[in-house]
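S.K.: My structure is below; once you've seen it, I'll send some questions.
Residue numbers (the numbering used here), protein chains in the order written: chain X, 1 to 576; chain L, 1001 to 1576.
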């Protein structure tokens, strides 16, 4: 029997509950958003006792399907003030699924000042007092837990930034190589910190494992699905070879690479930080150009990046981080960015929010443009130690802007805008505006169609078709985020006719269900509407579905493009 | 002819405009809110080029009427994100009125990094580049301008905090003794700083002066009005004798004196900081227990507070400041609070927002409870110098809470809750929730009726009658804020039958009009609805008309009272 684990920190009790029938067919984002919408008062303080932190594996997590090992986390976000779902690779989703944990709900807040950890195993979940690992970075915690509990232990952990409850704090999950992947966005680590849970360990010894209703059908569909992933040029070649950082040169070419805190659309240092350079550097230094963030990944867009002495420096080194500190902060030294990436991983802080916050800080004159060494120093000595400056930067781009009177602050719903300029890639601007998550490229990745010509072509510089494109992708993504699938399956799903039916076949084979494509679309719509209803009840309005003013008034080179959607056009997104 | 002065900083031009007919009958808050609502896009960045800063004297400013010399300032607030009006004594309102300046509108934003000042005289307004007085505190700027332009010059000025565009920055106005009074709340000083105007000087030499349509009728009404002010025990005795600080002991007795960041309702150090102790200290040290903030004030609730050596320390030393650093921060030394008050005046920072921010900072462990010396040090060395810590505290209570993960943060619409606990004085809680200004006691001062039994009696601990009380007072206050009158005229207006008709008679005699009491009520309603419409368009909702959660969950001693209004009850405020 699947189960819900519920941890109540008000009285330090735990319960194993049956899965209510209305939650039984939901996983991942569909489940976390449904639970948050049902159980969290929308106007509560995100760091107070009435918020809840919910983890849920996807519908296909734990199966042998490729790329299905993602875990969703959900809560009211301390960054946006709205609902938040963020999903991650690593080993936890598959362990949850094998333990038949449908969701873990953490609620309440401990009395006193003590900290705790949770231990999950086949019996359920228990609460321990925690003192020894407090204040440590993510890597030290994982090392300690692997020594204590064995190499196979699953770990969900917050770093010092989560302990400080800063709005950029993320939650990290151990990956198969003992490194981490993170629920990056929206400050979910601060919510975990507010509940004073330093880490969750997972032991799946004796787990009952996954039941597949129709194993043969599942296998057949899985083969078709995996072949589609391997056949598509983006998921089969581009991402495996260069990682997500393949995008630096592509966005530079398109004039959509936000540069110097979103002042320009091209970066003259693009060659030094691009995926091609990174690939060659990794190979020359004996690193690994390919690495999967979870078992069963066939794309393997992660990597191991070594320093110039051939020593491990970082992994999970993503385009958005490299763009954010590179083009957006004018840092041309990839090694400095890698160093910063490693420190951010260890501190447990969202590298997108933080990189954009550094761009605003540079605009405010807090540090020189392009000074990667100073970025690393501020990360370690200011954010890591919780100085006032560190806390401001660690509270995100919006906080830096408010504290230093900067008006060029690229945020929507107070969440930093990622690596694609919405003036020159207009579809992604619609996603930034309308996603209930705040500015988030993954919520409806129009770059696929605007720039990569996946799923057709929609001119990035024109308004035509962008609302529909973003809407369709956001609906599809909400559904995909519920399956445990990596977002990159969208590339073959958009281009290869067999891919999406195979995904639906896998879900049907897993549960003995008979979902159609329409059912999946309806699921996506329901998720978006549930999330938006939470946000409206929390006090967000259409006025929060807007880009900052400067995108309208300041044209961006080289296209001299401005953001020219009217409010009415943006609001038409919700007509479905 | 009355005129509008308009300053456009985009191109450094100024214009003298006729007063549009729809603005002719408006003054003070009615006029600033009408202009802001008409000309400022509600979703603009408050510190960007699309916000406007508007000054307007009241309808009776410049006349011989008692207590009519208040100046309104309005803009979109960087603190609340909504519309803001804040009014002030000092000499500027009467100079504006004598110069027949109906309003001054400052719009746009200068190119480059230069700073400017404005010079107003009978010809209009001109723009000067400013370098010499940048970075100086308010007192030094006023001294310098008096040397340069003569003792009689009017001055409107921002201190270093306004230059830094921090959300607690105020705008100060020279008073008759060369000291200052401030447009305190909502960060209007940051708006002036964003426009890079350090000060405005006013020369009323050759001013045409006020025209009174019916001088005899005006004089007769003015006599009745002044007598009412003098006859009422609060405006005629309590305030003149003890200043606003008469309230410390009264609120302590009522259990409504927020103590230790709104943890308790009584302060064991109340005797050391109360109005009675302050009065005796002032007298013993050769200070002045009475002092008017503008010519024509018959209440004179201000004072001159000397240090123990008999040297001038501060004036305009208000209950809210003394409560905020005293009871709310547990500081028992009145001299420390006076020192802090003087530094805040010089820096140009709202003493309510800042005192409450210190309470949250103490809760976060940033400085010890009750440490007045450290408060003064932080004001001078951190806020005054713009360190990161200083900027966080100078950005207000909400910013401190967000940056340090504190959940007991007494704000509404991100503006700090003043000196009356809404759990034990429930009427004021309705005002805090619903005022378009954010938490603001002056917007509808139910303390009059809840605590002082002025205008009847409404039990502060019960819900009955509070919505109606707050609504009636907010409507009346919006109208009074449009006349140039001090809010303290509300005491006789509520209790002495002749007072309000005399006020209306003065307005009619001044303008040759025939307004009735209903017209005044309708004006108040229109102002509130105009302001609320701006806020809704800016993205605020009913969810912003709420007190923080902890007022519901944490009972406050000695009455163990909680905030128990439902959302529906609060929202019924707007049914008019």
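Cβ coordinates follow ideal geometry from the N, Cα and C atoms, glycine included. In this text the structure is predicted, and so the values were computed from the model without any measurement.
Roughly how many whole angstroms lie between the Cα atoms of residue 1183 of chain L and residue 1088 of chain L?
M.R.: The residue labelled residue 1183 of chain L in the question sits at position 183 within the second chain. The residue labelled residue 1088 of chain L in the question sits at position 88 within the second chain. Distance between the alpha carbons of residue 1183 of chain L and residue 1088 of chain L is about 5 Å.
S.K.: Roughly how many whole angstroms lie between the Cα atoms of residue 140 of chain X and residue 157 of chain X?
M.R.: Sequence index remark: in the first chain, residue 140 of chain X carries index 140 (1-based). Sequence index remark: in the first chain, residue 157 of chain X carries index 157 (1-based). Each residue's alpha carbon lies about 11 Å from the other.
S.K.: When the Cα atoms are used, what is the spatial distance from residue 492 of chain X to residue 524 of chain X?
M.R.: Here residue 492 of chain X refers to the residue found at position 492 when the first chain is read from its first residue. Here residue 524 of chain X refers to the residue found at position 524 when the first chain is read from its first residue. Whole-angstrom Cα-Cα distance: 19 Å.
S.K.: From residue 1361 of chain L to residue 1412 of chain L, what distance separates their C-alpha atoms?
M.R.: As a working mapping, residue 1361 of chain L is identified with position 361 in the second chain. As a working mapping, residue 1412 of chain L is identified with position 412 in the second chain. Distance between the alpha carbons of residue 1361 of chain L and residue 1412 of chain L: 18 Å.
S.K.: How about residue 1071 of chain L: is its C-beta nearer than 8 Å to some C-beta of chain X?
M.R.: The residue given as residue 1071 of chain L occupies position 71 in the second chain. False, the Cβ-Cβ gap to chain X never drops below 8 Å.
S.K.: Using the Cα positions of residue 171 of chain X and residue 465 of chain X, report the straight-line distance between them to the nearest angstrom.
M.R.: Counted from its first residue, the first chain places residue 171 of chain X at position 171. Counted from its first residue, the first chain places residue 465 of chain X at position 465. So the two alpha carbons sit approximately 36 Å from each other.
S.K.: Tell me whether the segment 420-429 of chain X and the segment 363-370 of chain X touch, counting them as touching only if at least three CB pairs, one residue from each stretch, are closer than 8 Å.
M.R.: Counting Cβ pairs under 8 Å, fewer than three are found: no touch.
S.K.: Buried or exposed: which applies to residue 1318 of chain L, given that a residue is buried once 16 or more other Cβ atoms fall within 10 Å of its Cβ?
M.R.: On the second chain, residue 1318 of chain L is found 318 positions in, with the first residue counted as 1. The residue is buried, with at least 16 neighbouring Cβ atoms inside 10 Å.
S.K.: Is it buried or exposed for residue 1001 of chain L, if we count other Cβ within 10 angstroms and need 16 for buried?
M.R.: Here residue 1001 of chain L refers to the residue found at position 1 when the second chain is read from its first residue. Residue 1001 of chain L comes out exposed.
S.K.: Report yes or no: is there a C-beta of chain L within less than 8 Å of the C-beta of residue 387 of chain X?
M.R.: Within the first chain, residue 387 of chain X is the residue found at index 387, counting from 1. Yes, its Cβ sits closer than 8 Å to a Cβ of chain L.
S.K.: Listing by chain order, which chain X residues have their CB less than 7 Å from the CB of residue 1539 of chain L?
M.R.: Here residue 1539 of chain L refers to the residue found at position 539 of the second chain. Ordered by position in chain X, the residues that pass the 7 Å Cβ test against residue 1539 of chain L are 541, 543 and 544.
S.K.: Exposed or buried, what is residue 1150 of chain L when buried is set at 16 or more other beta-carbons lying within 10 Å of its beta-carbon?
M.R.: Position 150 of the second chain, counted from the start, is the residue given in the question as residue 1150 of chain L. When all chains shown are included, residue 1150 of chain L counts as exposed.
S.K.: Which residues mark the beginning and the end of the alpha helix (DSSP H) in which residue 1472 of chain L is found?
M.R.: Reading the second chain from its first residue, position 472 is the one you call residue 1472 of chain L. Residues 1466-1480.
S.K.: For the beta strand (DSSP E) holding residue 442 of chain X, just list the boundary residues, first then last.
M.R.: Taking the first residue of the first chain as 1, we reach residue 442 of chain X at position 442. Where residue 442 of chain X is concerned, there is no enclosing beta strand (DSSP E), given that its DSSP letter is neither H nor E.
S.K.: The segment 1049-1080 of chain L: which residues have C-beta closer than 9 Å to a C-beta of chain B, in chain order?
M.R.: The structure shown contains no chain B; its protein chains are X and L.
S.K.: What are the boundary residues of the alpha helix (DSSP H) that includes residue 1426 of chain L?
M.R.: For the purposes of this step, residue 1426 of chain L is taken as residue 426 along the second chain, with counting starting at 1. 1426-1434 is the extent of the alpha helix (DSSP H) around residue 1426 of chain L.
S.K.: Would residue 1098 of chain L and residue 1482 of chain L qualify as a contact pair, given that the criterion is a beta-carbon distance under 8 Å?
M.R.: Taking the second chain and counting its residues from 1, one reaches residue 1098 of chain L at position 98. Taking the second chain and counting its residues from 1, one reaches residue 1482 of chain L at position 482. The answer is no: Cβ separation not under 8 Å.
S.K.: Measuring straight from C-alpha to C-alpha, what distance separates residue 549 of chain X and residue 1043 of chain L?
M.R.: Indexing the first chain from 1 puts residue 549 of chain X at position 549. Indexing the second chain from 1 puts residue 1043 of chain L at position 43. Rounded to whole angstroms, residue 549 of chain X to residue 1043 of chain L spans 9 Å at the Cα level.
S.K.: Does the distance from the CB of residue 118 of chain X to the CB of residue 200 of chain X come in under 8 Å?
M.R.: Stepping through the first chain from its first residue, residue 118 of chain X is reached at position 118. Stepping through the first chain from its first residue, residue 200 of chain X is reached at position 200. Their beta carbons are under 8 Å apart, which means residue 118 of chain X touches residue 200 of chain X by this criterion.
S.K.: Determine the extent of the beta strand (DSSP E) in which residue 119 of chain X is found, giving its start and end residues.
M.R.: Indexing the first chain from 1 puts residue 119 of chain X at position 119. Segment 115-121, the beta strand (DSSP E) holding residue 119 of chain X.
S.K.: Put residue 232 of chain X into one of helix, strand or coil per three-state DSSP.
M.R.: By 1-based counting over the first chain, the position of residue 232 of chain X is 232. In the structure shown, residue 232 of chain X sits in coil (DSSP, three-state: anything other than H, G, I, E or B).
S.K.: Of the choices X/512, X/192, X/573 and X/145, whose alpha-carbon is the least far from that of residue 24 of chain X?
M.R.: Here residue 24 of chain X corresponds to residue number 24 of the first chain, with the count starting at 1. Answer by Cα proximity: X/512.
S.K.: Mind listing the chain X neighbours of residue 1164 of chain L? Cutoff is C-beta to C-beta under 7 Å, in chain order.
M.R.: As a position in the second chain, residue 1164 of chain L is number 164, starting the count at 1. Result: 405.
S.K.: Determine whether the Cβ of residue 1047 of chain L lies closer than 8 Å to any Cβ atom of chain X.
M.R.: If you number the second chain from 1, residue 1047 of chain L lands on position 47. Cβ-Cβ to chain X under 8 Å: yes for residue 1047 of chain L.
S.K.: Which residues in chain X have a C-beta closer than 9 Å to the C-beta of residue 1044 of chain L? List them in chain order.
M.R.: Here residue 1044 of chain L refers to the residue found at position 44 when the second chain is read from its first residue. Those are 549, listed as they occur along chain X.
S.K.: Give me the residue from L/1495, L/1102 and L/1569 with the minimum Cα distance to residue 1021 of chain L.
M.R.: Indexing the second chain from 1 puts residue 1021 of chain L at position 21. When only C-alpha atoms are compared, the closest one is L/1102.
S.K.: Return the first residue and the last residue of the beta strand (DSSP E) that residue 488 of chain X is part of.
M.R.: Walking along the first chain from the start, residue 488 of chain X turns up at place 488. Element bounds for residue 488 of chain X: n/a, residue is neither H nor E.
S.K.: Scan the segment 1260-1300 of chain L and note each continuous alpha helix (DSSP H) run of 4 residues or more that stays entirely inside, going in chain order.
M.R.: DSSP runs (the alpha helix (DSSP H)) wholly in the segment 1260-1300 of chain L: 1270-1273 and 1275-1284.
S.K.: Excluding the 5 residues preceding and the 5 following residue 41 of chain X in the sequence, name in chain order all residues of the same chain whose CB lies nearer than 6 Å to its CB.
M.R.: Locating residue 41 of chain X in the first chain gives position 41, counting from the first residue. Once the five neighbours on either side are set aside, the close Cβ partners of residue 41 of chain X are 50.
S.K.: With a Cβ-Cβ cutoff of 8 Å, do residue 187 of chain X and residue 77 of chain X count as a contact?
M.R.: Indexing the first chain from 1 puts residue 187 of chain X at position 187. Indexing the first chain from 1 puts residue 77 of chain X at position 77. Going by C-beta atoms, residue 187 of chain X is nearer than 8 Å to residue 77 of chain X.
S.K.: Where do the ends of the alpha helix (DSSP H) carrying residue 339 of chain X lie?
M.R.: Locating residue 339 of chain X in the first chain gives position 339, where the first residue counts as 1. 334-347 is the span of the alpha helix (DSSP H), which, as asked, contains residue 339 of chain X.
S.K.: Short of 7 Å in beta carbon distance, which residues of its chain neighbour residue 1380 of chain L, apart from the five on each side in sequence? Order them along the chain.
M.R.: If you number the second chain from 1, residue 1380 of chain L lands on position 380. Taken in chain order, the residues that qualify are 1343.
S.K.: Interface residues of chain L around residue 260 of chain X at Cβ under 8 Å?
M.R.: Translated into positions along the first chain, residue 260 of chain X becomes position 260. Those within 8 Å of residue 260 of chain X in chain L number zero; the least Cβ separation is about 17 Å.
S.K.: Which complete alpha helix (DSSP H) runs does the segment 128-194 of chain X hold, if anything under 4 residues is left out?
M.R.: You should have 138-149, 160-163 and 188-194.
S.K.: For residue 392 of chain X, go through chain L and note every residue whose CB falls closer than 8 Å to its CB, in chain order.
M.R.: As a first step, residue 392 of chain X is located in the first chain; it is residue number 392 there, counting from the start. By Cβ distance, chain L contributes 1388, 1391, 1392 and 1403.
S.K.: Since residue 189 of chain X contacts residue 1407 of chain L with CB under 8 Å, what's their CB separation in whole angstroms?
M.R.: Taking the first residue of the first chain as position 1, residue 189 of chain X is located at position 189. Taking the first residue of the second chain as position 1, residue 1407 of chain L is located at position 407. Not quite, the Cβ-Cβ distance comes to about 16 Å (not below 8 Å), so this is no contact.
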